[in-house]
Amino acid sequence: MRSLGEVIERAVLNAIEVAVTRVPRDVFEAIKSFAQRETNPRARRILSTIIEAIRVAAREGTPLCQDTGYPTFIVRIGNRFPAKALALRAIKRAVAEATKRGILRPNTVDPITNRNTGTNTGPHAPWIEIEMFRGDELEIFFIPRGGGCEGVSKLYTLPPSRGWEELEKAVLQSVIEAGPRPCPPTFVFVGIGATATMATALARKCALRQWSTKPATPLAQLEQKLLNKINTLGIGPMGLGGDTTALDLRIEIGCRHPATFIASIQFSCWALRKSHIVIGRDGSIWLDPNDFWNP
């Protein structure tokens, strides 16, 4: 019988492999939906190629992209889960094993020596954000972050008196400056909060939301308005023109300081890779059906 640590390690290893070899179901549906509406012939061909690439990657068990991203986790630990420290060690072992097996590309470089650790482990690698909650489960989100997307991320300190007005300008300017580098069509994530740390964390959490019809709330209406404006820019798939520059725009907000309006703008390429698992204290495992599926 496996120990709880072994159960966690194997589950995370599986989650890593799933995340880098297939997109979530909702992402696949978003790409197909935009492909049907695309009016530019070249853009339609690119989107069709992306759809076929998704199917091939899932069928062959190969990564969607050669850049398998910087290993990033959001981990929610129940206060009654019995193996808190063990869980973090198991995650690191799973990352190292995934790298050894060739599931992950070695993407962790020492900034002083410029040497690759070769294991995707090291100082703050993998990157793990921890949240505590009342419960007896361990919830893990794996969201690898590619270099092309992180390289065009932006952080803005906007004037509080004109925050929302300036945010619209900042979002559009960020998309224009990013151009083809984040491999559009992209997902655009916006986090708003009191501090740079807070805004960045909120933007990253946008990746956890599923693509769907937006409800009729003021924030959702703003998301749709900004998405529509982005898709009039003509950047298109891979920056080669078309109607489909972004597949979705998501905003997460937190209370701000009276003197600040901090906005973090992050991108994901069309391959929004993520996986979500929940492990019970008894070793039971729940796999998110939106992530664990075959196109």
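Residue numbering for the sequence shown is 1219 to 1513, as defined by our numbering. Cβ coordinates follow ideal geometry from the N, Cα and C atoms, glycine included. No experiment lies behind these values; they were computed from the predicted model shown.
Residue span of the beta strand (DSSP E) that contains residue i, given as start and end
i, result
"Val1358", "In the sequence on display, residue 1358 carries Ile and not Val. Glu1355 to Phe1360 is the span of the beta strand (DSSP E), which, as asked, contains Ile1358."
"Lys1372", "Lys1372 to Thr1375"
"Gly1411", "Thr1404 to Gly1411"
"Gly1498", "Ser1493 to Gly1498"
"Arg1220", "Element bounds for Arg1220: n/a, residue is neither H nor E."
"Ala1464", "Ala1464 to Ile1471"
"Leu1505", "Ile1503 to Leu1505"
Straight-line Cα distance separating residue j from residue i
i, j, result
"Arg1499", "Phe1299", "6 Å"
"Val1411", "Ser1482", "The question names Val, but residue 1411 is Gly in the sequence shown. The alpha-carbon atoms of Gly1411 and Ser1482 are separated by roughly 9 Å."
"Leu1304", "Gly1223", "6 Å"
"Pro1259", "Ala1253", "10 Å"
"Leu1376", "Tyr1288", "29 Å"
"Arg1277", "Gly1364", "22 Å"
"Arg1474", "Pro1398", "32 Å"
"Gly1472", "Leu1420", "8 Å"
"Ile1234", "His1342", "18 Å"
"Thr1257", "Ile1269", "17 Å"
"Arg1380", "Tyr1374", "13 Å"
"Leu1437", "Ala1489", "25 Å"
"Pro1311", "Asn1332", "What sits at residue 1311 in the sequence shown is Arg, not Pro. Their backbone Cα atoms lie some 23 Å apart in a straight line."
"Ala1316", "Arg1220", "19 Å"
"Leu1467", "Pro1344", "26 Å"
"Asn1297", "Asp1506", "22 Å"
"Ala1308", "Ile1497", "13 Å"
"Lys1423", "Ile1295", "16 Å"
"Ala1271", "Thr1478", "43 Å"
"Thr1280", "Pro1329", "29 Å"
"Val1261", "Pro1362", "Sequence inspection shows Ala at residue 1261; the Val mentioned does not correspond to that position. About 26 Å."
"Arg1352", "Leu1265", "43 Å"
"Leu1451", "Asp1461", "8 Å"
"Lys1250", "Pro1476", "43 Å"
"Asn1325", "Gln1284", "11 Å"
"Phe1360", "Ala1229", "11 Å"
"Lys1372", "Ile1226", "34 Å"
"Ala1417", "Gly1457", "27 Å"
"Thr1435", "Thr1267", "35 Å"
"Trp1504", "Lys1492", "15 Å"
"Ile1448", "Gly1501", "45 Å"
"Glu1247", "Arg1255", "13 Å"
Opposing strand residues paired with residue i [DSSP bridges]
i, result
"Trp1382", "Per DSSP, none; premise fails for Trp1382."
"Gly1397", "Answer is none; Gly1397 lacks a bridge partner."
"Ala1481", "Tyr1374 and Ile1410"
"Val1327", "Asn1334"
"Ser1486", "Phe1405"
"Ala1343", "Gly1340"
"Glu1224", "Paired residue(s): none; Glu1224 is not in a bridge."
"Met1350", "Ile1295"
Where the alpha helix (DSSP H) through residue i begins and ends
i, result
"Leu1437", "Pro1436 to Ile1448"
"Thr1415", "Ala1414 to Lys1423"
"Cys1367", "Gly1365 to Glu1368"
Cβ of residue i within 7 Å of any chain D Cβ
i, result
"Ser1379", "No chain D appears in the structure shown, which is made up of a single protein chain."
Among the options, nearest to residue i - alpha-carbon criterion
i, options, result
"Leu1306", "Leu1356, Glu1395, Leu1265 and Leu1376", "Leu1356"
"His1168", "Ser1221, Met1219, Arg1243 and Arg1220", "In this structure the chain extends from 1219 to 1513, so residue 1168 is not present and cannot be described."
"Thr1415", "Pro1398, Pro1403 and Glu1347", "Glu1347"
"Gln1428", "Asn1508, Thr1462 and His1475", "Asn1508"
"Ser1486", "Thr1335, Thr1317, Phe1407 and Asp1328", "Phe1407"
"Thr1286", "Val1241, Thr1267 and Ile1469", "Val1241"
"Lys1302", "Thr1418, Asp1354, Phe1246 and Lys1443", "Asp1354"
"Ser1392", "Ser1251, Pro1378 and Cys1367", "Cys1367"
"Gly1369", "Gln1484, Cys1424, Phe1291 and Val1225", "Gln1484"
"Asn1512", "Val1236, Leu1390 and Arg1228", "Val1236"
"Val1389", "Pro1455, Val1225, Leu1458 and Gln1442", "Gln1442"
"Ala1413", "Ile1480, Leu1458 and Leu1465", "Here residue 1413 is Thr; the residue named in the question, Ala, does not match the sequence. For the residues Ile1480, Leu1458 and Leu1465, the minimum Cα distance to Thr1413 belongs to Ile1480."
"Cys1401", "Ala1464, Ala1425, Ala1434 and Ala1417", "Ala1464"
"Thr1290", "Asp1461, Lys1250 and Val1313", "Val1313"
"Leu1444", "Gly1452, Arg1319, Glu1349 and Leu1385", "Leu1385"
"Phe1405", "Asn1446, Thr1435, Pro1378 and Lys1387", "Asn1446"
"Leu1231", "Gly1459, Ile1453, Lys1318 and Ser1371", "Lys1318"
"Thr1339", "Arg1323, Gly1409 and Met1350", "Arg1323"
### Runs of alpha helix (DSSP H) wholly within the region 1226 to 1314 (minimum 4 residues, chain order)
1243 to 1255 and 1259 to 1278
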